[in-house]
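Colleague: Taking this note's numbering, the leading residue of the sequence shown gets 107, the next gets one more, and so forth.
Below you will find the structure I want to go over with you.
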Amino acid sequence: LAPLFQPPPQPRPPLVATVPTGFYAGYPHHAFHHVLEIPDPNQFYKLVLLDGNGDGWDDNDDNNDNIDNIGGGYLAVYRGRDTLATNLLMYDPTFRGKSIAHAFYPGESPPH
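Next comes the structure, spelled out in structure tokens:
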């Protein structure tokens, strides 16, 4: 049976950026600072992290560099270009597993 009323599909937020699969694999002890332009700061965005190895920020010395990167990484999203605590929108120091999703609102005041 078909539902009596089906709401119209909602437009998906635009894709802001992607990083190719495996991009970070060769850099277990490096910091990357990606600056992204958000087309509409007055909406929520979803950030999805995928990890094929399933170890998240922990490389468990999978690249045989004799360094185990337990707890060595994190992800932070800031409003603007200054990495000040007052601009912090989202922070994840604990990513483990194959994937995780975070939502963040880059505008000044999220709707209630």
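We put the CB at the ideal spot given by N, CA and C, even for glycine.
1) Just to confirm the assignment, what range does the beta strand (DSSP E) spanning K152 have?
2) For Y180 and L110, I'd like the C-alpha separation in whole angstroms.
3) If I measure Cβ to Cβ from Y197 and keep anything under 8 Å in the same chain, skipping five residues before and after, which residues do I get?
4) Quick one: grab the DSSP three-state call for A123.
5) Who pairs with A209 in a beta bridge, going by DSSP?
Modeller: In short, the structure shows the following:
1) Y151 to L156
2) 46 Å
3) Y180, L181, A182 and V183
4) Coil, per DSSP.
5) K152
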